[in-house]
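Residue numbers (the working numbering): 11 to 468.
Virtual Cβ for every residue (Gly too), placed ideally from N, Cα, C.
Small disclaimer: the values here were computed from a predicted structure and weren't measured.
Written below as C-alpha cells is the structure these notes are about.
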Amino acid sequence: MLTALTGVFGDRADAVTVAGRCASYEELLGAAQAVAADLAEASVPAFAVTATASLETVAAVVGGLLAGVPCVPLPPDAGPAEREHILRDSGARLIEVDFTRRVPAARRAVSAVGSALGDPALILYTSGTTGAPKGVVLSGAAITADLDALADAWEWSAQDTLVHGLPLFHVHGLVLGVLGALRTGSRLVHTGRPTPEAYAEAAAAGGSLYFGVPTVWSRIAAAPESAAALAGARLLVSGSAALPAPVFRDLERLTGHRPVERYGMTESLITVSGRAGGEVRPGTVGTPLAGITTRIAAEPGAEIGELQLTGPTLFSGYLGRPEATAAAYTEDGWFRTGDIAAVDGDGVHRIVGRASTDMIKSGGYRIGAGEIENALLDHPQVREAAVVGVPDADLGQRIVAFVVAEGVTGTELTDFVATYLSVHKRPREVRFIAAVPRNAMGKPQKRLLLEGEGAGPV
Ligand code: MLC
Ligand code: AMP
C-alpha cells in the first residue's frame, strides 16, 4: 500500500513533515519497523495510539500496516469516557512510539511493504445517530482502491506536495492526508493546525495540492493575504461537509482556483468527486470515482432521495456489531449513506442534506446527537436533553443542547460533556427549556427546536 516507502520515488530529508518536524522515508520506515516488531511480538487484535498531529502517529499507523495489526487512532482531545469506550470496544492495546528507536534487521516484522491487503488496516471510531461511537473496520484493499481512484481523479502524483493540517484520527486527515501521500509519493507537509497562515506558509515550500474541510476554507477565504499565497497551487480540495457557495466564489476570486469538492464517509471512504481539469460547479460534489456505482432511492416522481452506493472502497463492517452492519445496507446490498442527494443530467451529484437531524457535522466532525444527549443525561441535574445542529457560518453547524434542568449553569454542563467526550463534541450553547417538545409517541420533535434558527427543511 505504501509505495513511497519502497523507494521507487526516491527519498529526501523532508519527505514527510508533520507540525514542523521532517523525516525521510527511510527514517519513517525505520521508526515504523520498530513499532511493527513490537506489535508482532505482542499478539494483540488491534493497537491504539493517541493520534496527535505528529511523526509518531504516522510511524504508528505505518507500523501497524507492516505488522498486519489494525490501528485505532484515538482522538487526543477525547475525554476519559470516550477513550475507555474505544479501548474496551476494540480490545486495542495503547502504545507509545519513540520515533528515534530502531530494531535490528532480524527483529523486523515484515520485509515487504504493503502485504495482506485484505486484512483490517484501520479501525476508525465514528458516531451514529444514537449511542456510543462504533468502530468502522477498513481493509487495506478498500483504502488502496480509494487512494488509487483519487489519484486518478485529481492527477495526484509524486510531483505533488500535499499540504493540510487535519486531524490524524479520521478518514480525511489520516487516510487521504497521510496514506494518500505515502501511496502516491507526494511530499507531505502537515501544518499541525489548519490555519490560513500555515497553509500560506506551506506555499513557499512548494505546496501544490491542498486539503481542507469547509471551515478551513472559509477561514482562508476570510484571510485574503493567506488565500492569495495559494495562487501557485495546482488543486484545492474541499470535503467532509458542504462547501458554501460564497466560500467557493471567494476562493476563486482570491486564489484563482475553483476548489474541487468530493464526498465521502468513514464507512465508504471517498466515493464521489470533481476532477482535476474538469468542470466544477459550486454546490456539487462531482461524479462517482472509478469502481463506485451510486443510485438515488427516491419516492416515485421525486428527484431527491437517499444516496446509496456500492463499490470496492466500502468498509468491512462495524467492529463486533453485525446487526448495525446489516442495517447499513439495503436488502439488495447497497450501502445506505443517510445523505439526501440529487444527480444532475450530466451525472454530477449534489448533497442536499441528511436524512436525520441526529447526525451533526460541525467543523467537518461527525457528531451523533444521541451521544451528547446521553452524556448530558448522566448529569444529576438534567431531566431531559435534546441536541441539534444549528446552521453556523464558520462551522457549518454548531452543537446546541436544549435541556430541562435546574441548579446547574450552561458552562457547567458544557464542561461536564467535555470531560466525557471529545472537546469538539462540547455544545457551543446550552438553552434551558421547560420541556422537550414531543409527538404522541413521545419522540422528541427536534425540527420544532430548530425553527427560527435558519435551518431549512432537509
Ligand atoms: C471548541 N472550543 C470550544 C468549544 N469547542 N470552547 C468552548 N466551547 C466549545 N463548545 C475551543 C477549541 O478547543 C479551541 O480552543 C477554540 O475553541 C476554537 O475552536 P474551533 O472554533 O472549533 O476551532 P478549531 O479548534 O480551530 O477547529 C476548527 C477546525 C476543526 C476546522 C480546525 O473543526 C477541525 O480540525 N476539523 C476537521 C474535522 C475532520 O477532519 N473531519 C473529517 C472527518 S472524515 P484552542 O484552545 O484549542 O484554540 C470525513 C470523510 C470525508 O468526513 O468526507 O472527509
Ligand atoms: P464522516 O463519517 O465523518 O466521514 O462523515 C460523513 C458525512 O460527511 C457524510 O455522510 C456527509 O453527510 C458529510 N460529507 C462529506 N463530504 C461532504 C460534502 N462534500 N458535501 C456534503 N456533505 C459531505
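Discussion item. Tell me which residue opens and which closes the alpha helix (DSSP H) that L184 is part of.
Written reply: Run containing L184: none; DSSP gives neither H nor E here.
Item to complete: Return the residue from the list A142, L459, G195 that minimises the CA-CA distance to D158.
Response: G195
Worksheet item: Where I96 and G284 are concerned, what is the direct C-alpha to C-alpha distance, given to the nearest angstrom?
Response: 34 Å
Item to complete: Would you identify the three-state DSSP class for R436, choosing helix, strand or coil?
Response: coil
Fill in: DSSP-derived helix/strand/coil call for L324
coil
Discussion item. Quick check on DSSP: helix, strand or coil for F412?
Written reply: strand
Item to complete: State the DSSP-derived secondary structure class of L132, mapped to helix, strand or coil.
Response: strand
Worksheet item: Buried or exposed: G466, going by 16 or more other Cβ atoms within 10 Å of its Cβ?
Response: Residue placement at G466 is poorly supported in this model, since its pLDDT is 46, which falls under 50; the coordinates still yield a value, given next. Exposed is the call here.
Fill in: Paired residues, beta bridge with K453 - DSSP
According to DSSP, K453 bridges with nothing at all.
Discussion item. Does D349 come out as helix, strand or coil in the three-state DSSP assignment?
Written reply: strand
Worksheet entry | Extent of the continuous beta strand (DSSP E) to which S248 belongs | 245 to 248
Worksheet item: Alpha carbon to alpha carbon, how far is V247 from V418?
Response: 43 Å
Worksheet item: Could you check where the beta strand (DSSP E) with H174 kicks off and where it finishes?
Response: 171 to 174
Worksheet item: Any heavy atom of ligand 2 closer than 7 Å to the Cβ of R268?
Response: no
Discussion item. According to DSSP, D402 sits in a beta bridge with which residue or residues?
Written reply: G406
Worksheet item: Within the present structure, is the beta-carbon of S250 separated from the nearest heavy atom of ligand 1 by less than 7 Å?
Response: yes
Worksheet item: So, helix, strand or coil for A520, using DSSP?
Response: Summary: the structure shown does not reach residue 520, with the chain confined to residues 11 through 468, and so no result is reported for it.
Practice prompt. On the DSSP bridge assignment, give the partners of F221 in chain order.
Written response: V247
Discussion item. Can you tell me whether D99 is buried or exposed? The criterion is at least 16 other CB atoms within 10 Å of its CB, across all chains shown.
Written reply: buried
Worksheet entry | For H180 and A215, the rounded distance between their alpha carbons | 25 Å
Item to complete: Would you mind stating whether G355 and M369 have Cβ atoms separated by less than 8 Å?
Response: no
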